[in-house]
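A short worksheet on the structure shown next.
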Amino acid sequence: MDNQANSKGFIVNNGVILGVVSVIFSLVLYATGNHLKPHWSTGIINAVIFIGALILGIKQFKAANGGFMSWGQGVKVGVGVAVLGGLIVVIYNYIFMNFIEPDFMTQMTEIQNQAFLDQGMTEEQIEAANAMGESFKGPFIMAALGIVGYAICGFIVSAIAAAIMKKSAEETY
């Protein structure tokens, strides 16, 4: 294993693929008017895109290493792909909410408030929920939460995928 492939290229290539495909999917939702109340299947499609990009990156890295990869290497590639893809999505979300659809957060708050009313919450409870949620609407907080969320989910998916795909030189003897 002296000629190990550098993981950086696999992280960058698949991270960009993850970010760009996620942004394109978000733009399709926006263009079709489904960005405010998406169908439940959009969550599944997003998960398939995310998991697929991570597994693709880990598989490509393993193949470039002659079929060998440690668990740590697989997790490193997967988390790197997730964080880079998350960074691209966070940048897109900032542009979307500030330039493309500046009223997006207001519209989402109205939809959420209506859902709270339908659940039987009082006006005071809704105002308290809105006040609590207001602290998470800053661009830096949203960016940080987005990247951390991608990193955590990336670690979980990568840990499972790398555990399944790992193969060391010692296992072949």
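Position 4 of the sequence shown, counting from 1, maps to -13 under the numbering used here, and the rest follow consecutively.
For glycine and all other residues, C-beta sits at the position ideal for the given N, C-alpha and C.
Check whether residue i and residue j have beta carbons under 8 Å apart
i: Ala36; j: Gly68; result: yes
i: Ile34; j: Gly57; result: no
i: Asn96; j: Ile109; result: yes
i: Phe51; j: Ser151; result: yes
i: Leu12; j: Ile94; result: no
i: Ala145; j: Trp54; result: yes
i: Pro21; j: Tyr77; result: no
i: Gly137; j: Ala65; result: yes
i: Phe99; j: Phe87; result: no
i: Asn(-3); j: Leu39; result: yes
Cβ-based neighbour list, residue i, same chain, cut-off 7 Å, excluding 5 preceding and 5 following
i: Val73; result: Ala126, Gly129 and Ile130
i: Pro85; result: none
Own chain partners of residue i with C-beta closer than 8 Å, once the 5 adjacent residues on each side are dropped
i: Met104; result: Ala112
i: Ile32; result: Leu1, Val4, Ser5 and Phe8
i: Ser(-10); result: Phe44, Gln56, Lys59, Val60 and Gly63
Nonlocal neighbours in the same chain, by C-beta distance under 6 Å from residue i, ignoring five residues either side
i: Val6; result: Tyr75
Per DSSP, cross-strand counterpart(s) of residue i
i: Met52; result: Lys150
Whole-angstrom C-beta distance between residue j and residue i, which should lie under 8 Å
i: Val60; j: Ile124; result: At roughly 28 Å, the Cβ-Cβ gap does not stay under 8 Å, so Val60 and Ile124 are not in contact.
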